[in-house]
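Quick mapping for you: the protein sequence lines, in order, are chains A and B. Counting from 1, position 390 in the first sequence corresponds to residue 389 in numbering that gives the first Met the number 0; the numbering is continuous, with no gaps. Counting from 1, position 168 in the second sequence corresponds to residue 167 in numbering that gives the first Met the number 0; the numbering is continuous, with no gaps. Please read the structure below before turning to the comments.
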Amino acid sequence: MPDVVIASRSVAKQSRGLPGRLLRGLRPLAMTVPLLLPSLARAQSSPWIRVGANGVLLYTFADPVPRGRSLAEVRLVQPAIMVHAGALSNRLRLLSTINFEGLTMPAGELTPGAWGEGFIDRRHPHTYLHELVLSADDLLGGIDGSTRFSLAAGKGFAPFGTDDPMVRPVVRYPVNHHLAQILERLVAIAGVRTGPIAVEAGLFNGDEPERPGQWPKLSRFGDSWSGRLTALPTASVELQGSYARVHSPEHRPGAGTEQHKWSVSGRWDGDVSGKPVYALVEWARTSEAEGFFVFRSFLAEGAWTRGASRLHYRFERTARPEEQRTLDPFRSIRPHFENSILGTTRWTIHTLGYGYRLGDSSTRLDALPFVEVSYGRMADTGGGVFDVRSFYGRDTFWSLEIGLRLSPGMPMHRMGRYGVAQDTADSGGMEYDDHHEH
Amino acid sequence: MITMNTRRAALPILLIALAACGDDRAAPQPIVPASIAASGGTGQTAQTGSPLPTPLTVLVTDATDTPVPDVVVAWSVVDGGGGVPATSLTNSAGLASATFTLGPVVGQQGAQAQVSGLTGSPVVFTATATQEPGGTDLSVVSGGNNVPERFSSDLWVHGNYAYSGTWGFRENEGNTLKVWSLGAAGSPTLVESIIVPEIGTVSDVQVSDDGQLLVLSGEAGTNGGIYLYSLSNPAAPSFLSSALVGEAGVHTVTLSTIDGRLYAFASRNPGFPEEEATDPALLIYDVTDPEAPTLVATEVFPERDYGIHDTFVRDGIAFAFVWDNPGLVIYDVGNGIRGGSPSAPVEISRLITATNGVCCGPSVHNGWWFHNPVTSERRYLFIGQEGAATIGSNSSGDIHVVDVSDLAQPHEVAFFHLNGAGTHNFWMDEERQILYAAYYNGGVVALDVSGTLSGNLSGRLLSQVKPGGTGNTFTWGVQLANGYLYAIDMLSGLWQLTTE
Numbered sequence: 000m001p002d003v004v005i006a007s008r009s010v011a012k013q014s015r016g017l018p019g020r021l022l023r024g025l026r027p028l029a030m031t032v033p034l035l036l037p038s039l040a041r042a043q044s045s046p047w048i049r050v051g052a053n054g055v056l057l058y059t060f061a062d063p064v065p066r067g068r069s070l071a072e073v074r075l076v077q078p079a080i081m082v083h084a085g086a087l088s089n090r091l092r093l094l095s096t097i098n099f100e101g102l103t104m105p106a107g108e109l110t111p112g113a114w115g116e117g118f119i120d121r122r123h124p125h126t127y128l129h130e131l132v133l134s135a136d137d138l139l140g141g142i143d144g145s146t147r148f149s150l151a152a153g154k155g156f157a158p159f160g161t162d163d164p165m166v167r168p169v170v171r172y173p174v175n176h177h178l179a180q181i182l183e184r185l186v187a188i189a190g191v192r193t194g195p196i197a198v199e200a201g202l203f204n205g206d207e208p209e210r211p212g213q214w215p216k217l218s219r220f221g222d223s224w225s226g227r228l229t230a231l232p233t234a235s236v237e238l239q240g241s242y243a244r245v246h247s248p249e250h251r252p253g254a255g256t257e258q259h260k261w262s263v264s265g266r267w268d269g270d271v272s273g274k275p276v277y278a279l280v281e282w283a284r285t286s287e288a289e290g291f292f293v294f295r296s297f298l299a300e301g302a303w304t305r306g307a308s309r310l311h312y313r314f315e316r317t318a319r320p321e322e323q324r325t326l327d328p329f330r331s332i333r334p335h336f337e338n339s340i341l342g343t344t345r346w347t348i349h350t351l352g353y354g355y356r357l358g359d360s361s362t363r364l365d366a367l368p369f370v371e372v373s374y375g376r377m378a379d380t381g382g383g384v385f386d387v388r389s390f391y392g393r394d395t396f397w398s399l400e401i402g403l404r405l406s407p408g409m410p411m412h413r414m415g416r417y418g419v420a421q422d423t424a425d426s427g428g429m430e431y432d433d434h435h436e437h
Numbered sequence: 000m001i002t003m004n005t006r007r008a009a010l011p012i013l014l015i016a017l018a019a020c021g022d023d024r025a026a027p028q029p030i031v032p033a034s035i036a037a038s039g040g041t042g043q044t045a046q047t048g049s050p051l052p053t054p055l056t057v058l059v060t061d062a063t064d065t066p067v068p069d070v071v072v073a074w075s076v077v078d079g080g081g082g083v084p085a086t087s088l089t090n091s092a093g094l095a096s097a098t099f100t101l102g103p104v105v106g107q108q109g110a111q112a113q114v115s116g117l118t119g120s121p122v123v124f125t126a127t128a129t130q131e132p133g134g135t136d137l138s139v140v141s142g143g144n145n146v147p148e149r150f151s152s153d154l155w156v157h158g159n160y161a162y163s164g165t166w167g168f169r170e171n172e173g174n175t176l177k178v179w180s181l182g183a184a185g186s187p188t189l190v191e192s193i194i195v196p197e198i199g200t201v202s203d204v205q206v207s208d209d210g211q212l213l214v215l216s217g218e219a220g221t222n223g224g225i226y227l228y229s230l231s232n233p234a235a236p237s238f239l240s241s242a243l244v245g246e247a248g249v250h251t252v253t254l255s256t257i258d259g260r261l262y263a264f265a266s267r268n269p270g271f272p273e274e275e276a277t278d279p280a281l282l283i284y285d286v287t288d289p290e291a292p293t294l295v296a297t298e299v300f301p302e303r304d305y306g307i308h309d310t311f312v313r314d315g316i317a318f319a320f321v322w323d324n325p326g327l328v329i330y331d332v333g334n335g336i337r338g339g340s341p342s343a344p345v346e347i348s349r350l351i352t353a354t355n356g357v358c359c360g361p362s363v364h365n366g367w368w369f370h371n372p373v374t375s376e377r378r379y380l381f382i383g384q385e386g387a388a389t390i391g392s393n394s395s396g397d398i399h400v401v402d403v404s405d406l407a408q409p410h411e412v413a414f415f416h417l418n419g420a421g422t423h424n425f426w427m428d429e430e431r432q433i434l435y436a437a438y439y440n441g442g443v444v445a446l447d448v449s450g451t452l453s454g455n456l457s458g459r460l461l462s463q464v465k466p467g468g469t470g471n472t473f474t475w476g477v478q479l480a481n482g483y484l485y486a487i488d489m490l491s492g493l494w495q496l497t498t499e
């Protein structure tokens, strides 16, 4: 009988004031799940399961949105349940994430600049089964010495690029989501790690989902591939470079154009002067239609934590395609039936946010009220009929996001890292001064 | 008795045969040319003053039909005043060739090959000389920059009115049919704008031959489909009916009269998402009663690919242009060669045209079946390839020429490539054998398509104009009417051009 656990964070600050009392009020609810759970430590040597959940109640105001209006709305975004399991001294691992955005935000999340999967200026809802990957690590045991070889398969992320934005400190999705990650595919991944170097190669289906309830197209499995090289020179530093060849991502039957994608990033996740600091710098490039369209992205973000307070910032400059939209200005025409776009826009965005963590280890419930402000500039690049000023009324925007992130149980992991890459998968840059484990 | 006679006769024959064999081994007899016949190059067409694309060729053989080399063949012109070399020599295959450059006389011309004493000599070749289409010079007469609030799409001109569609979103949705009055000098003046509700693009427009009915196709909205309007008052089309297909929409619609009834051939887009929507299809409506369009046939393309983009219907043959897969599809819809009808189309053949290095495949988009009144040929189908593009800025795609003289076996014979731009819709001046092609950021192109078409046609470019100028030109379609060429440009609206 496997143990069942929910990971708890090791140390907690005392919660303060009304929020603290609120959290204490939620304690019975939060404690009902942990009743099932013995200790994490014991789980590492025998079969174990961890459970966690996440959700962000979010108010968003954006000005302008398409057609020059402003818009405000409240949504429950990123609602997810994570179930992780391990056995055979963690040689066998299961990662799963169930995502409920298809129910809570079927029309997407208001996010100026976001695009993909038929949404534009709204971030698309993820599929219900966001991730379900079984991985077998260190398959050769001691035969290959300290080198480890792993295989992983299931539905999840291709070994390419950086972490899912959902597990990063900035709540607002970056414009480069579809340039810097490849997710929700049927994947088969082989990995090798020796010392600080890990190499992964994966096969997957090129088609991206068209709606939350859709499964990857099985017949297209293997029409796309990617490889990622990761170096971990220190415990806090991670460098990666990856390449992917993705066939017809936006045309599910497979008649669409091919993408060649590159990603390079450097990531810091460790202490600076005894305080947790997270930083990410990434560059991504996607070349499509035999080089007819090229989109580039540069992004830098960081989070500084002191006690229960966290300050985060992101700078992003990303080019995105402008596609013909339907009568709903937040949707682009699907499926494609021509290889044309209306132009390319470059989005330069600064996002500054502040969050204050409520709760403690006894509640096993993290709560993070936060506020985020973004200011951005849009520019037409490379010609085409799309005109920023005509469509938005001006070439700058700002948005305000006020929200509450709730994370009972296990915190969100770095999605998309399986097998030999999973060593680095426990932290998504969401650490707090009071539970930092490094 | 019969047996005995046969045996008696066989002996001398055997002896002669053996003797003959012995003679062959000892001293071969010289091969004596006995006859001459045409081997290639007959029945060609070219412009006056130009060489025929294929050399005239004769075959010289001996009495046993063995090719004879090194025979001097004399060539001469017999009609039309053209030129041929005086002589040529047969090669090891017995073939002798000569290039025939046509003379200045339009019509039938002739040349002959002669070897004295040979059976079949002289061999006479005939060719058709067509008029050199010189003098085509595209230039702007009037119009332009007259639809500032919307991007323009398709165009149809009938009588003194023109009708154009709108596309996508500029300052307003592309949900409008524009009605233009053409003045005494052909200059367009906007007289009416008709909104088609719940669509984002009026993607195609056509008027029936009798000028009584206008049909348009709508897409990019919830009310995609075809819309029919009465032109009893051509300045103010009045809505009659529609046949809706939902959000997938209809990309183009083509009217054609077959056996006295009027039909609309509609190209339905692939639906979304895949599992819940209809496949792309050719929908054929009987619109003889335009107030009650009736769907009579549905030809589905389950490949889904990028769907069917356009149709060209003539003489009961429907050409469907269905992107990369299946590419060109030819139907009998009333021609009779396969017993098809509009309600029961019969597929004749398919062809996937060449990519020509254009991203991202054959991208078979539109076409025109050329009925050449000069040669009476119905040999060539021009196909537009719509490659990758940034709308309003750059584009790609060639014109492909397909020989459909045998509709069951179409094959590509020529192409035209314009650097830096891609082709879109066509119109033809068939009398003058000129193809006019909208070429997006390349504007409008006039192409000489007289004579035999083969290989790269880049030398046949007659004229090119960018009506709105560089940066303000992205031409969707053209139509020849009332002695002018009208061009509809996505950026700069409706233009009146002259071709002289």
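For every residue, glycine included, the Cβ atom is placed at its ideal position computed from N, Cα and C.
Distance check for F148 of chain A and S88 of chain A, CA to CA, integer angstroms please.
Each residue's alpha carbon lies about 15 Å from the other.
Distance between A45 of chain B and T374 of chain B (C-alpha atoms, nearest Å)
Roughly 10 Å between the two C-alpha positions.
Determine the chain B residues that contact V384 of chain A at a beta-carbon separation under 8 Å, and present them in chain order.
In chain order, F150, G167, R169, I390, G391, S392, F473, M489, L490 make up the part of chain B whose C-beta sits under 8 Å from the C-beta of V384 of chain A.
Determine the burial state of G221 of chain A: buried for a count of at least 16 other Cβ atoms within 10 Å of its Cβ, exposed for fewer.
Its Cβ having fewer than 16 others within 10 Å, G221 of chain A is exposed.
Residues bridged to Y538 of chain B (per DSSP)
Only positions 0 to 499 of chain B appear in the structure, and residue 538 of chain B is not among them; the question remains open.
Quick one: grab the DSSP three-state call for A62 of chain B.
It is coil, neither helix nor strand.
Evaluate D506 of chain B with the Cβ neighbour count: other Cβ atoms within 10 Å of its Cβ, from every protein chain shown; 16 or more gives buried, anything less gives exposed.
Nothing about residue 506 of chain B can be reported from this structure: the residues present for chain B run from 0 to 499 only.
Determine the direct distance from the alpha carbon of R378 of chain B to that of L452 of chain B, and round the result to whole angstroms.
Each residue's CA atom was taken as its position, placing L452 of chain B and R378 of chain B some 10 Å apart.
Give the single residue among B:A265, B:A37, B:E290 whose Cα lies nearest to the Cα of H250 of chain B.
Its Cα nearest to that of H250 of chain B, the residue B:A265 stands out among B:A265, B:A37, B:E290.
Under the rule that 16 or more other beta-carbon atoms within 10 Å means buried, what is A353 of chain B, buried or exposed?
Answer is exposed; the Cβ neighbour count stays below 16.
List, in chain order, every chain B residue whose beta-carbon is nearer than 7 Å to that of R446 of chain A.
Residue 446 of chain A is absent from the model: chain A starts at 0 and stops at 437.
8 Å contact criterion, which Y226 of chain B and V214 of chain B should meet: CB distance rounded:
Rounded, the Cβ-Cβ distance is 7 Å, consistent with contact.
Closer than 8 Å at the beta carbon, the chain A residues around N324 of chain B
Within chain A, the residues placing a beta-carbon under 8 Å from that of N324 of chain B are A254, ordered along the chain.
Measure the C-alpha to C-alpha separation of T96 of chain A and P173 of chain A and round it to an integer number of angstroms.
Taking the straight line from one Cα to the other gives about 21 Å.
Between which two residues does the beta strand (DSSP E) carrying R122 of chain A extend?
Run containing R122 of chain A: 118 to 122, per the beta strand (DSSP E) assignment.
Please report the distance separating the alpha-carbon of A86 of chain A from that of V419 of chain A.
Cα to Cα, the separation comes out at about 15 Å.
For H399 of chain B: DSSP bridge partner residues
B:I382, B:F414.
Cα separation between F168 of chain B and R266 of chain A?
Between F168 of chain B and R266 of chain A, the C-alpha separation is close to 41 Å.
Extent of the continuous beta strand (DSSP E) to which Y391 of chain A belongs:
DSSP places Y391 of chain A outside any beta strand (DSSP E); the residue lies instead in the alpha helix (DSSP H), whose first and last residues are 387 to 391.
Which residues of the region 337 to 368 of chain A have a Cβ closer than 8 Å to any Cβ of chain B? Give them in chain order.
Those residues of the region 337 to 368 of chain A that come within reach of chain B (Cβ to Cβ, closer than 8 Å) are E337, N338, S339, I340, L341, G342, T343.
Output yes if chain B places a C-beta closer than 8 Å to the C-beta of H335 of chain A; else output no.
At least one chain B Cβ lies under 8 Å of H335 of chain A.
Looking at C-beta atoms only, is the number of pairs between the region 319 to 334 of chain A and the region 360 to 374 of chain A that lie closer than 8 Å three or more?
The region 319 to 334 of chain A, when compared against the region 360 to 374 of chain A, does not touch it at the 8 Å Cβ threshold.
Between the alpha carbons of A16 of chain B and S404 of chain B, how many angstroms are there, rounded?
For A16 of chain B, the pLDDT reaches just 43, beneath the cut-off of 50, and the residue's location in the model is therefore unreliable, although a value from the coordinates is still provided. Near 50 Å, if we compare the C-alpha coordinates of S404 of chain B and A16 of chain B.
Closest Cα partner of R66 of chain A within the set A:D120, A:Y127, A:P215, A:I80:
Per the Cα distances, A:D120.
Looking only at C-alpha atoms, which of B:Y330, B:W426, B:L117 sits nearest to Q408 of chain B?
Nearest to Q408 of chain B by C-alpha distance, out of B:Y330, B:W426, B:L117, is B:Y330.
First through last residue of the beta strand (DSSP E) which encompasses T469 of chain B:
Careful: T469 of chain B lies outside any beta strand (DSSP E) and carries neither H nor E.
Burial state of H410 of chain B (16 or more Cβ within 10 Å):
H410 of chain B should be labelled exposed.
P269 of chain B at chain A interface by Cβ criterion, 8 Å
At least one beta carbon of chain A lies nearer than 8 Å to the beta carbon of P269 of chain B.
Contact belief for A112 of chain B with L58 of chain B at Cβ below 8 Å, rounded distance in angstroms
Actually they are not in contact, since the Cβ atoms of A112 of chain B and L58 of chain B sit about 10 Å apart, beyond 8 Å.
Could you run through the region 199 to 212 of chain A and flag, in chain order, every residue whose CB is less than 8 Å away from some CB of chain B?
Result list: E209, R210.
Can you confirm whether I389 of chain A, when its beta carbon is compared against all beta carbons of chain B, has any partner nearer than 8 Å?
Before going on, a small fix: residue 389 of chain A reads as Ser here, not Ile. By this cut-off, S389 of chain A is an interface position.
So what does DSSP say about P164 of chain A, is it helix, strand or coil?
Helix.
Helix, strand or coil at A25 of chain B [DSSP, three-state]:
Note that A25 of chain B has pLDDT 49, beneath the 50 cutoff, so the model's placement of it is unreliable and the number below is only indicative. Of the three classes helix, strand and coil, the one that applies to A25 of chain B here is helix, per DSSP.
Where S69 of chain A and P407 of chain A are concerned, what is the direct C-alpha to C-alpha distance, given to the nearest angstrom?
Their Cα atoms are separated by approximately 34 Å.
Alpha carbon of T497 of chain B to alpha carbon of G441 of chain B, nearest angstrom:
In a straight line, the C-alpha of T497 of chain B is about 17 Å away from that of G441 of chain B.
The alpha helix (DSSP H) with T103 of chain A in it runs from where to where?
For T103 of chain A, the uninterrupted alpha helix (DSSP H) run begins and ends at 100 to 103, by DSSP.
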